[in-house]
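Peer 1: Residue 450 in numbering that gives the first Met the number 0 sits at position 451 of the sequence shown; the count goes up by one each step and never skips.
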Amino acid sequence: MSITINYNNMMQSFIGDKGITDKQLKDVQSCAKKAYDTVESNRGKDMHGWMSSPYDQDEVAERIVELATKLRKTCKYFVVLGIGGSALGPIAVFTAMKHLYYNELSDSKRNGPKFYVIDNVDPERMQALFDVIELEHTVFNVITKSGATSETMSQYLIVMYMLTKRYGKDANKHIVATTSQHKGNLIKLAQKEGFETFYIPEGVGGRFSELSPVGLFPAAMLDIDIKELLRGAREMDAICRTADMSRNPALITAALHYISIGQGKNITVMMPYADSLKYIADWYCQLSAESLGKAVDLQGKTVNVGQTPVKSLGVTDQHSQVQLYTEGPFDKIITFIEVKNYRNEVVIPEGCQQFPDVNFLCGHSLNELISTELYATRYALTKQQRSNYTIVLDKVDEYHLGALLYLFQMQTAYIGAMLNINTYNQPGVEEGKNATYALFGRKGYEAKAQELKNAKKEESKYIVK
Ligand code: PA5
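1. Using the three-state DSSP reduction, which class does A218 fall into: helix, strand or coil?
2. I need the DSSP call for L99, collapsed to helix, strand or coil.
3. According to DSSP, is S364 helix, strand or coil?
4. Could you tell me whether the Cβ atoms of A91 and D281 are closer together than 8 Å?
5. Using alpha carbons as the reference points, say which of E133, K432, L185, L229 lies closest to Y405.
6. Between which two residues does the beta strand (DSSP E) containing F335 stretch?
7. Grab me the residues of F139's own chain with a C-beta within less than 7 Å of its C-beta, minus the 5 sequence neighbours each way, in chain order.
8. Exposed or buried, Q352, counting other C-beta atoms within 10 Å across all chains shown (16 or more means buried)?
9. At the level of alpha carbons, what is the spacing between E150 and D121?
10. Can you tell me whether DSSP reads F114 as helix, strand or coil?
11. Which class does E344 belong to by DSSP, given the choice of helix, strand or coil?
12. Looking only at its own chain, which residues have a Cβ that is under 8 Å from the Cβ of G467, when we skip the five neighbours before and after it?
13. So is A249 buried or exposed if we call it buried at 16+ other beta carbons inside 10 Å?
14. Should the stretch 363–372 be regarded as contacting the stretch 281–299, the criterion being three or more beta carbon pairs within less than 8 Å?
15. Between the stretch 233–245 and the stretch 14–23, can you find at least three pairs of beta-carbon atoms closer than 8 Å?
16. From the DSSP output, which residues share a beta bridge with Y198?
17. Taking Cβ positions, are L188 and G111 nearer each other than 8 Å?
18. Would you give the residue range spanned by the beta strand (DSSP E) that I260 belongs to?
19. According to DSSP, is T137 helix, strand or coil?
20. With distances taken between CB atoms, is the gap from Q410 to A253 smaller than 8 Å?
21. Is it the case that the stretch 204–220 contacts the stretch 88–103, given that we only count it when at least three CB pairs across the two stretches are under 8 Å?
22. Whose C-beta lies closer than 7 Å to the C-beta of F114 among residues of the same chain, with five residues either side of it excluded?
23. Under the DSSP definition of a beta bridge, which residues are partnered with L418?
24. If distances are taken between C-alpha atoms only, which option among V141, N265, K310 comes closest to K277?
25. Just curious, the alpha helix (DSSP H) that M159 is in, first and last residue?
26. Nearer than 7 Å: is that true of the beta carbon of S145 relative to any heavy atom of ligand 1?
27. Using 8 Å for Cβ pairs, my map puts G18 next to M9. What's the rounded Cβ distance?
28. Please go through the same chain and pick out, in chain order, the residues whose beta-carbon is closer than 6 Å to the beta-carbon of T196, but skip the five residues on each side of it.
29. Where M125 and Y6 are concerned, what is the direct C-alpha to C-alpha distance, given to the nearest angstrom?
30. Sort Y413, D57, E135 by Cα distance to D36 and report the nearest one.
31. How long is the line joining the alpha carbons of V346 and T371, rounded to whole angstroms?
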C-alpha cells in the first residue's frame, strides 16, 4: 500500500507556536486509544456496519458485476437518482476513475454508457437531463436508503411516469433500486414493480455507503473494478488495526484534527492536487460535516463541535483561496492530497525563446509543474505558520481509491469517538426535512405545519427592494 501521511507541517518544530508539540501528541494518545477501542469494539455493530463492507460484499459484488455486464450491452445512458450519501460517493469514484471528459468521448472511446447523477430537484437540471438522454436506452439507479427522501422519490415519480407512459409494464426494465431491505417505500415499490434491487445493509449510513451497493453498482456500470476498490479498503482496514498512532494513518490524522479543534482551528480544507480527486473532496466534506458537526455530546451536553469542511483544488484554487489560507485567520488546517504518478505525462514544448519569463517553463512537464506548485504552496503556507499535512498517493487507481475512502471513514469515526459525539446521526438535517413535509401537507406533520404557521413573520424593514 503506498499511501503515506506527512504531518511535519502540523508540528511546532515546523510552524512555530501555531503548531502541535510532541508533548501534545503524547498527551492525546490515551484519548486516541480510547477512540480506537470504541470504534473497534463496535466493529460491524449498529452503525459501524460499514467496517464490514470491505469483507462481506463478495457475493453481492458478483451479482452487481453480472447485472452491470448485462445492462452495459444496451444501456447508453446511466443515471443515478439520489442525494447526499447516495450521490457523492458515486460521483467521486466516477471522476477519479474515468476520463475527465468521459461523457464527451465518442461512443467507441467511452465504451460504456454516459453517466449522470441528478442530486438536486432543480427543475432546470431535471429537464436538462431529459434533453440529453434517450429514455429508450437509459437505466436509472434510484438510490435511497430510507426509501423516503423527498428529492429522490420526486425524481423517481417523474421518471417512472415517463417510463410507464412510454413502455407500460416494461418500464421496470429501466430501473435498478438500491435501498434498505426492510424499511421504506422504495423496497415496497421495487417488489411491486419488479425492479432489480440491491440492499444497503442497515448498519451502513448514507455517507459511509460508497463501498456498499450504493457505490459499487454505479462503479460496475462504468466498468470500474469494484473488487479492487474493496481490496484497497481491506488493506487500509488492516493497516488501521492498531492503536499505535505512529502506525495507524487514520488515528494519527484524527488526533491531529482533534488537537487542532482544541486550538480553535474549526475549518478543514481538503485540497487534492489532481482533478480526478476533486469530488473526493466533495464526498469528504459531507462525511466530515454531517458526521462531526454536532450540537450535543453523547451525554447530552451542549458542545457545538465540528470543523467546517472546505473543498479546494490544487492548483486551481491557489489563484482563489490560498491568499486567505496564507494570511487570514489561524482557524484552519489544510489536507493536501499529492499524487506521485499521474496517468498521463504532458510536456511543455519549446517556444517563446525571446521571453525568458515564459521560456523557463519549456522542456518541463505539466507533471513537474503541478508537483512543484504543490511543494511551493506548502512551503509558503508553512512559512506563515499554517497547519497542513499531506496524504501522498502513489497513483489514482481503484485500489488506492478504496484505501483512501476507507481511510477517511476511519478517520471520521475516530474523531467522532474522540469528540464523544454521535457520528452517525444528522438531527440538524431532519428539522428542514420535516418542515418541508409539513409545508407540502404530508399526513402526520400537522403539528409542524402549525408550528411553521406560528413562526415569527418576516419584517419588511429588513427587506430591500
Ligand atoms: O449520510 C446520510 O445519511 C445522508 O446524507 C443521506 O445519504 C441522504 O440524506 C440521503 O438519504 P437516503 O439515502 O435515505 O435517501
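Just so you know, even glycine gets a beta-carbon here, dropped at the ideal spot from N, CA and C.
Peer 2: A quick look at the data gives this:
1. helix
2. Looking at L99 - three-state DSSP - the assignment turns out to be coil, as it is neither helix nor strand.
3. strand
4. Between A91 and D281, the C-beta gap is smaller than 8 Å, which places the two residues in contact.
5. L229
6. 331–340
7. Cβ contact annotation for F139 (same chain, cutoff 7 Å, sequence separation greater than five): V78, L80, V158, H173, I174, in chain order.
8. exposed
9. 10 Å
10. strand
11. Looking at E344 - three-state DSSP - the assignment turns out to be coil, as it is neither helix nor strand.
12. This structure cannot settle anything about residue 467, because the visible part of the chain is limited to 0 through 464.
13. buried
14. In short, these stretches do not touch, since the Cβ pair count stays below three.
15. no
16. T178
17. no
18. That residue, I260, is in no beta strand (DSSP E); its alpha helix (DSSP H) goes 248–261.
19. In the structure shown, T137 sits in a strand (DSSP, three-state: E or B).
20. yes
21. yes
22. Apart from the 5 residues on each side of it in sequence, F114 sits with its Cβ closer than 7 Å to the Cβ of F77, F93, Y101, N102, L221 in its chain, given in chain order.
23. None, per the DSSP bridge assignment.
24. K310
25. 149–166
26. S145 Cβ: within cutoff of ligand 1.
27. 6 Å
28. A176, A189
29. Each residue's Cα considered, the two are about 43 Å apart.
30. Y413
31. So the alpha carbons of these two residues sit roughly 14 Å apart.
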